[in-house]
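Read the structure below first, then the notes.
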Amino acid sequence: MGLFDKIKKIGIFSGFSQLDDDFYDQLEESLVMADMGAQTTLEAVEELRARCRQEKIKDVEGARACMREILTQALSQQDCAMELSRPPAVVLVIGVNGVGKTTSIGKLAARWHGEGKKVLLCAGDTFRAAAADQLAVWAQRAGVELIRQHEGADPAAVVYDAMAAAKARRADVVLVDTAGRLHNKQNLMNELNKISRVIQRECPDSSRENLLVLDATTGQNGLIQAKQFSQAAQVTGIVLTKLDGTAKGGIVIAIAKELGVPVKYVGVGEGVDDLQPFDPQAFVQALL
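Be aware that the sequence shown starts at 2, since it is given in the working numbering, and climbs by one per residue.
Laid out in structure tokens, this is it:
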């Protein structure tokens, strides 16, 4: 099944034959309902109006093609590719509890292991009792090794062990799980900073990625989460999960425009192969 075959299409452009005020009002409403956000939607619709006037576009199909270009361009400003060229590449995975962090880590591990990379998992979420056990299940399923300590251990100490193991075992990639919720933002920032310092000290020449996992069903809360985590860590990419239901995921367009952070992977199902590289054109095609 193709990347976005499972996404329910919302028929934004259906039912109209001419580009009048009703069309633009309905388009604006539909894009807001697709979680693009009011400001991003307003800017996109105004750009569409201007381009339709400038290019003398009169029909709905022409407007659809034009809007596809506008949204694809918004999502293509940044590089969606992962930077893993300098081993051991370290991928720090962050996000609130319940968004699919651990599952995404397992699926990425399986993907990269299948490509012939030597992958290590690091159970850096030591606050949640089942976190390391859940990661252990994924490590076994993906056929990769796991570095863990006891519940309540210092996450930075676990990361230190993982960096040492990665160098000793000549790993290509280390995927680091992190706690989804500490009791305030300052604690979160301190914890992520401490982990980052350990990584930088132990593997100064390694490639680095900080992936923020967002649940597509959270809508506008996704932008709030992205802003908060961007303050706590230099987010280099988004993993958008749970696009296999009614979620439209348009919030990633707002995130791309407001924060300049690219989407790198999307989850379109429960299977191990259902976390796939993000394709801006396919995403916009499904959205429209």
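Quick reminder that beta carbons are idealized off the backbone N, C-alpha and C, glycines included.
Nothing here was measured: the structure is a model prediction, and the numbers come from that model.
So what does DSSP say about Ile58, is it helix, strand or coil? Taking the sequence shown and counting its residues from 1, the one referred to as residue 58 is at position 57. DSSP, reduced to helix, strand and coil, places Ile58 outside both helices and strands of the structure shown, so it counts as coil.
For Leu213 and Ala167, what's the separation of their Cα atoms in angstroms? Taking the first residue of the sequence shown as position 1, residue 213 is located at position 212. Taking the first residue of the sequence shown as position 1, residue 167 is located at position 166. Taking the Cα positions, Leu213 is about 22 Å away from Ala167.
Give the range of the alpha helix (DSSP H) segment to which Glu210 is assigned. Residue numbering aside, residue 210 sits at position 209 when the sequence shown is read from its first letter. Note, Glu210: premise wrong, no alpha helix (DSSP H); beta strand (DSSP E) at 209-216.
Residue burial classification, Gly117 (beta-carbon count within 10 angstroms, cutoff 16): Along the sequence shown, one-based indexing puts residue 117 at 116. Exposed.
Buried versus exposed call for Ile225 [16 or more other C-beta atoms within 10 Å across all chains shown]: Locating residue 225 in the sequence shown gives position 224, counting from the first residue. In the assembly as shown, Ile225 is an exposed residue. Its beta-carbon has fewer than 16 other beta-carbons within 10 Å.
What is the DSSP secondary structure of Leu4, reduced to helix, strand or coil? Working through the sequence shown from its first residue, we reach residue 4 at position 3. With a pLDDT of 33 at Leu4, under the threshold of 50, the modelled position of that residue is not reliable, and the figure given next carries that caveat. Looking at Leu4 - three-state DSSP - the assignment turns out to be coil, as it is neither helix nor strand.
Does Gly99 come within less than 9 Å of chain C when only Cβ atoms are used? No chain C appears in this structure, which consists of one protein chain only.
Within a Cβ cutoff of 7 Å, which residues of the same chain sit near Val290, ignoring the five residues on either side of it in sequence? Examination of residue 290 is not possible in this model, given that the chain is present from 2 through 289 alone.
Is it buried or exposed for Asn188, if we count other Cβ within 10 angstroms and need 16 for buried? Numbered from its first residue, the sequence shown carries residue 188 at position 187. A residue is called buried once 16 or more other Cβ atoms fall within 10 Å of its Cβ, and Asn188, having fewer, is exposed.
Count the other CB atoms within 10 Å of the CB of Gly38; is the residue buried (16 or more) or exposed (fewer)? Along the sequence shown, one-based indexing puts residue 38 at 37. So Gly38 counts as buried.
Check each candidate in Ala163, Val160, Thr104, Leu109 and name the one with the smallest Cα separation from Gln315. The structure shown does not extend to residue 315, since the chain spans only 2 to 289, so no value can be given for it.
Span separating the alpha-carbon of Arg54 from that of Glu29: Taking the sequence shown and counting its residues from 1, the one referred to as residue 54 is at position 53. Taking the sequence shown and counting its residues from 1, the one referred to as residue 29 is at position 28. Spanning the alpha carbons of Arg54 and Glu29 requires a straight line of approximately 17 Å.
Taking C-beta to C-beta, are Leu176 and Ala110 nearer than 9 Å? Stepping through the sequence shown from its first residue, residue 176 is reached at position 175. Stepping through the sequence shown from its first residue, residue 110 is reached at position 109. The Cβ atoms of Leu176 and Ala110 sit closer than 9 Å to each other.
Using the beta-carbon count (16 or more within 10 Å), is Val138 buried or exposed? Along the sequence shown, read from residue 1 onward, the residue named residue 138 stands at position 137. Result: exposed.
Going by C-alpha distance, which of Leu193, Lys265, Asn222, Val269 is nearest Val159? Stepping through the sequence shown from its first residue, residue 159 is reached at position 158. It is Leu193 whose Cα lies nearest to the Cα of Val159.
Using three-state DSSP, classify Lys168 as helix, strand or coil. For the purposes of this step, residue 168 is taken as the residue at position 167 of the sequence shown. Looking at Lys168 - three-state DSSP - the assignment turns out to be helix.
Which residues does DSSP list as the beta-bridge partners of Arg242? Start at 1 with the first residue of the sequence shown, and residue 242 comes out as number 241. With the sequence shown as reference, residue 242 is identified as Thr, and Arg is not the correct amino acid for it. Thr242 pairs with Asp216.
Short Cβ contact (9 Å threshold) for Ser86 with Ser197: What you label residue 86 is simply residue 85 of the sequence shown in a count that begins at 1. What you label residue 197 is simply residue 196 of the sequence shown in a count that begins at 1. Going by C-beta atoms, Ser86 is not nearer than 9 Å to Ser197.
If distances are taken between C-alpha atoms only, which option among Leu72, Gly250, Ala143 comes closest to Asp1? Only positions 2 to 289 of the chain appear in this structure, which leaves residue 1 out of reach.
Own chain residues within Cβ distance below 8 Å of Gly99, not counting five before or after: Here residue 99 refers to the residue found at position 98 of the sequence shown. Taken in chain order, the residues that qualify are Gly181, Asp216.
Of the residues Ala131, Gly107, Leu72, Ala165, which one's Cα is nearest the Cα of Val145? Along the sequence shown, one-based indexing puts residue 145 at 144. For Val145, the closest C-alpha among the options Ala131, Gly107, Leu72, Ala165 is that of Gly107.
According to DSSP, is Glu30 part of a helix, a strand, or is it coil? Position 29 of the sequence shown, counting from 1, holds the residue named residue 30. DSSP places Glu30 in the helix class (H, G or I) of the three-state scheme.
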